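Chemist:
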Amino acid sequence: MSSSPIVFGASYFDVTTIPLGNITSVVSESVLFVPSWFNLETAPRDVVCFVGFAENLEPDVQSFYGGGGTQCQATNGCGVHVHEGTDCLSTETQGGHWYNQDTLAEDPWAVVGYKTTNENGYGQFAGCVSTGFDLASDPTQLQGRAFIIHAEDGSRVSCGIIEDVVADYVPTIISADTTPIPGATSPQPDGVTGFVTVMNDFIESTIDAVCYQGYASGLEPNVESFLLGGGSDTCDVTNGCGSHIHSGTGCNDTDAQGGHYYDADTVAVDPWLLESYYSTNGTGTGAFVGCAITGEGASDYNGRPFIVHGTDGSRLSCGILSASETVVVDPGGDSAANSPFSGMTMIPWMLTSAVVSGVLGFIFDMV
133 MSSSPIVFGA SYFDVTTIPL GNITSVVSES VLFVPSWFNL ETAPRDVVCF
183 VGFAENLEPD VQSFYGGGGT QCQATNGCGV HVHEGTDCLS TETQGGHWYN
233 QDTLAEDPWA VVGYKTTNEN GYGQFAGCVS TGFDLASDPT QLQGRAFIIH
283 AEDGSRVSCG IIEDVVADYV PTIISADTTP IPGATSPQPD GVTGFVTVMN
333 DFIESTIDAV CYQGYASGLE PNVESFLLGG GSDTCDVTNG CGSHIHSGTG
383 CNDTDAQGGH YYDADTVAVD PWLLESYYST NGTGTGAFVG CAITGEGASD
433 YNGRPFIVHG TDGSRLSCGI LSASETVVVD PGGDSAANSP FSGMTMIPWM
483 LTSAVVSGVL GFIFDMV
């Protein structure tokens with residue numbers, strides 16, 4: 133074997149928040165996860181993703197930040213954030229936003245939150261944040277932190293402490309091998325291939341919240357997206373470096389693939405606009421991860437095409453999502469104790485058939 137296969141998985145956490153003080157009744161439930169990749173040096177190591185909902189918020193909110201409205205522009209307005217503190221008793225014990233100020237110049241949580249609420253004050257949220265901490269090496273850094281819901285005016289209204297999920301927790305997972313799209317002009321001769329897992333049903337009431345994690349090879353080498361904030365303008369076009377679920381049921385052409393999959397009647401702004409890979413290595417392999425709320429009329433992800441775009445926004449690689457199996461590596465097992473996969477939900481056939489048997493043996497030996 134000339135190179136080690138790419139393997140990836142996630143470590144899950146959950147949190148329930150309760151009202152802060154006597155002037156609010158906001159409660160929420162959320163699932164968080166830390167994605168990790170192995171044998172892909174350019175994959176992000178500092179990301180935390182989350183999906184959840186809150187009740188008893190201000191009704192009929194439409195955020196300026198992706199909700200199609202003008203609200204939530206106050207500092208922390210409509211915010212959903214991990215805080216650095218470990219207790220909810222006061223603002224001092226809750227602390228400020230949790231990110232590595234030594235490595236990040238700007239607060240990555242500044243405009244993260246729920247985008248809309250309904251007439252009853254119910255709002256959903258989903259997203260991923262780069263914290264600057266090496267969470268891939270130790271996901272438990274997240275455990276015990278305060279998780280805070282903010283009101284439209286930015287005030288803190290609900291808080292809870294992040295905990296490890298119950299044993300063997302796994303959301304609904306579907307997956308796809310992506311292969312070159314017929315007729316696509318690929319950056320490399322063999323075209324763009326890869327693998328993606330798509331997760332939903334994190335919480336019973338958030339059926340239209342979806343996350344994805346995967347990688348693609350054969351992309352343009354040494355990409356640095358403008359979204360990294362380093363001054364590059366690469367990917368700064370419509371669908372540039374995009375990684376999206378599409379509304380169609382096939383991969384052969386744009387008609388079969390359809391456009392981005394979301395319910396425009398209930399979601400005012402296309403949630404896939406900035407979902408993308410941020411970088412690739414010297415051979416053109418890149419990792420991607422993200423989460424989105426797609427709307428009540430767009431929550432059936434099975435059978436949909438997942439598409440990876442080039443730096444110019446062109447469609448390069450496609451695969452049809454279908455049911456997937458998982459392996460949960462037992463963190464208490466003797467052979468798992470020193471494994472990087474310990475306690476992580478793994479997807480065992482995300483690799484090419486040439487290497488899968490050896491990796492499956494390694495994973496199953498640890499269980």
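In this note's numbering, the protein residues as written are 133 to 499. The C-beta atom is built at its ideal place from N, Cα and C for all residues, glycine as well. Values in this document were obtained by computation on a predicted structure and should not be read as measured data.
Considering just the uninterrupted stretch of the beta strand (DSSP E) at residue 187, what are its terminal residues?
Modeler: On the sequence shown, residue 187 is found 55 positions in, with the first residue counted as 1. Run containing residue 187: 179–187, per the beta strand (DSSP E) assignment.
Chemist: Quick check on this structure: which residue in 218, 258, 416, 232 has the alpha carbon closest to the alpha carbon of residue 323?
Modeler: Indexing the sequence shown from 1 puts residue 323 at position 191. Closest option to residue 323, Cα to Cα, is 416.
Chemist: Pull the bridge partners of residue 144 from the DSSP assignment, please.
Modeler: Locating residue 144 in the sequence shown gives position 12, counting from the first residue. Paired residue(s): 165.
Chemist: Skipping 5 residues on each side, what residues in its chain have a beta carbon closer than 7 Å to that of residue 284?
Modeler: As a first step, residue 284 is located in the sequence shown; it is residue number 152 there, counting from the start. Excluding residues within five positions, the ones whose Cβ falls inside 7 Å are 190, 193, 203, 204, 209, 210.
Chemist: How would you write the range of the beta strand (DSSP E) that residue 424 sits in, first residue to last?
Modeler: Here residue 424 refers to the residue found at position 292 of the sequence shown. 418–425 is the extent of the beta strand (DSSP E) around residue 424.
Chemist: Touching or not, the segment 426–441 and the segment 394–401, by the rule of three or more beta carbon pairs under 8 Å?
Modeler: The answer is yes - the segment 394–401 touches the segment 426–441, with three or more Cβ pairs under 8 Å.
Chemist: List, from N- to C-terminal side, the beta strand (DSSP E) runs of 3 residues or more that fit wholly inside the segment 362–417.
Modeler: For the segment 362–417, whole beta strand (DSSP E) runs of length 3 or above, ordered along the chain, are 375–377.
Chemist: Any contact between the segment 399–409 and the segment 153–173? By contact I mean 3 or more CB pairs, one from each, below 8 Å.
Modeler: As far as the Cβ criterion goes, the segment 399–409 does not touch the segment 153–173, which means the pair count is below three.
Chemist: Does the Cβ of residue 434 have 16 or more other Cβ atoms within 10 Å, making it buried, or fewer, making it exposed?
Modeler: If you number the sequence shown from 1, residue 434 lands on position 302. With fewer than 16 Cβ atoms within 10 Å of its Cβ, residue 434 is classed as exposed.
Chemist: On the premise that residue 454 lies in contact with residue 308, defined as a C-beta separation below 8 Å, what is that separation, rounded to the nearest angstrom?
Modeler: Here residue 308 refers to the residue found at position 176 of the sequence shown. Here residue 454 refers to the residue found at position 322 of the sequence shown. Going by Cβ atoms, the distance from residue 308 to residue 454 rounds to 7 Å, so yes, they are a contact pair.
Chemist: Answer yes or no: do residue 248 and residue 255 have a C-beta to C-beta separation smaller than 8 Å?
Modeler: The residue labelled residue 248 in the question sits at position 116 within the sequence shown. The residue labelled residue 255 in the question sits at position 123 within the sequence shown. Taking 8 Å as the Cβ cut-off, residue 248 and residue 255 qualify as a contacting pair.
Chemist: What residue range does the alpha helix (DSSP H) around residue 345 cover?
Modeler: For this step, residue 345 is matched to residue 213 along the sequence shown. Residue 345 -> not in any alpha helix (DSSP H); beta strand (DSSP E) instead, spanning 341–349.
Chemist: Hey, residue 449 and residue 325 are a contact pair by Cβ (cut 8 Å); roughly how many whole angstroms apart?
Modeler: By one-based count along the sequence shown, residue 449 stands at place 317. By one-based count along the sequence shown, residue 325 stands at place 193. Indeed they touch by this definition, with Cβ atoms about 6 Å apart.
Chemist: Looking at the unbroken alpha helix (DSSP H) that takes in residue 311, where does it start and where does it end?
Modeler: Position 179 of the sequence shown holds residue 311. It is not in any alpha helix (DSSP H) - residue 311 instead sits in the beta strand (DSSP E) that spans 304–312.
Chemist: Please tell me whether residue 362 and residue 174 are closer than 8 Å, where the distance is taken between their beta carbons.
Modeler: Residue 362 sits at position 230 when you count from the first residue of the sequence shown. Residue 174 sits at position 42 when you count from the first residue of the sequence shown. No. Outside cutoff.
Chemist: Measure from the alpha carbon of residue 221 to the alpha carbon of each residue in 149, 266, 177, then state which is nearest.
Modeler: Walking along the sequence shown from the start, residue 221 turns up at place 89. Out of 149, 266, 177, 149 has the C-alpha closest to the C-alpha of residue 221.
Chemist: Find the nearest neighbour of residue 436 within the set 342, 371, 420, judged by alpha-carbon distance.
Modeler: If you number the sequence shown from 1, residue 436 lands on position 304. Closest by alpha carbon: 342.
Chemist: What did DSSP end up calling residue 257 once you bin it into helix, strand or coil?
Modeler: Taking the first residue of the sequence shown as position 1, residue 257 is located at position 125. Residue 257: strand per DSSP, three-state reduction.
Chemist: Do residue 344 and residue 421 have their beta-carbon atoms positioned less than 8 Å apart in this structure?
Modeler: Along the sequence shown, one-based indexing puts residue 421 at 289. Along the sequence shown, one-based indexing puts residue 344 at 212. Closer than 8 Å, so yes.
Chemist: For the pair the segment 329–342 and the segment 357–375, tell me if three or more CB-CB distances fall below 8 Å.
Modeler: The segment 329–342, when compared against the segment 357–375, does not touch it at the 8 Å Cβ threshold.
Chemist: Do residue 159 and residue 186 have their beta-carbon atoms positioned less than 8 Å apart in this structure?
Modeler: Within the sequence shown, the letter at position 54 stands for residue 186. Within the sequence shown, the letter at position 27 stands for residue 159. Contact: yes.
Chemist: Comparing alpha-carbon positions, which option in 301, 265, 384, 333 lies nearest residue 142?
Modeler: By 1-based counting over the sequence shown, the position of residue 142 is 10. When only C-alpha atoms are compared, the closest one is 301.
Chemist: Roughly how many whole angstroms lie between the Cα atoms of residue 348 and residue 156?
Modeler: Counted from its first residue, the sequence shown places residue 348 at position 216. Counted from its first residue, the sequence shown places residue 156 at position 24. If you take the alpha carbons of residue 348 and residue 156, they lie about 45 Å apart.
Chemist: Please classify residue 154 as buried or exposed, where buried requires at least 16 other C-beta atoms within 10 Å of its C-beta.
Modeler: Taking the first residue of the sequence shown as position 1, residue 154 is located at position 22. Residue 154 comes out exposed.
Chemist: Note down the Cα distance separating residue 266 from residue 178, rounded to an integer number of angstroms.
Modeler: Numbered from 1 along the sequence shown, position 134 holds the residue referred to as residue 266. Numbered from 1 along the sequence shown, position 46 holds the residue referred to as residue 178. One C-alpha to the other measures close to 5 Å.
Chemist: Buried or exposed for residue 278, please, with buried defined as at least 16 other CB atoms from any protein chain shown within 10 angstroms of its CB.
Modeler: Residue 278 sits at position 146 when you count from the first residue of the sequence shown. The residue in question, residue 278, is buried, as its Cβ has 16 or more Cβ neighbours within 10 Å.
Chemist: At the level of alpha carbons, what is the spacing between residue 188 and residue 385?
Modeler: By one-based count along the sequence shown, residue 188 stands at place 56. By one-based count along the sequence shown, residue 385 stands at place 253. For residue 188 and residue 385, the distance between alpha carbons rounds to 45 Å.
Chemist: What does DSSP give as the partner residues of residue 296 in its beta bridges?
Modeler: Locating residue 296 in the sequence shown gives position 164, where the first residue counts as 1. Answer by DSSP bridge pairing, in chain order: 145.
Chemist: Alpha carbon to alpha carbon, what distance is there between residue 229 and residue 241?
Modeler: Within the sequence shown, numbered from 1, the residue matching residue 241 stands at position 109. Within the sequence shown, numbered from 1, the residue matching residue 229 stands at position 97. Each residue's Cα considered, the two are about 7 Å apart.
Chemist: With burial defined as no fewer than 16 other Cβ atoms inside 10 Å of the residue's Cβ, what is the status of residue 252: buried or exposed?
Modeler: Your numbering for residue 252 matches position 120 in the sequence shown. So residue 252 ends up on the exposed side.
Chemist: Is residue 182 near the ligand ATP, going by C-beta to nearest heavy atom under 7 Å?
Modeler: This structure lacks the ligand ATP, and indeed carries no ligand of any kind.
Chemist: Quick one: which unbroken beta strand (DSSP E) runs of 3-plus residues sit fully inside the segment 178–244? Chain order, please.
Modeler: The qualifying runs are 179–187, 212–215.
Chemist: Would you kindly check if the distance between the Cβ of residue 346 and the Cβ of residue 329 is under 8 Å?
Modeler: Here residue 329 is taken as the residue at index 197 of the sequence shown, counted from 1. Here residue 346 is taken as the residue at index 214 of the sequence shown, counted from 1. Yes, these two residues count as a Cβ contact at 8 Å.
Chemist: Please classify residue 124: does DSSP put it in a helix, a strand, or coil?
Modeler: Outside the displayed span of the chain (133 to 499) sits residue 124, for which this structure offers no information.
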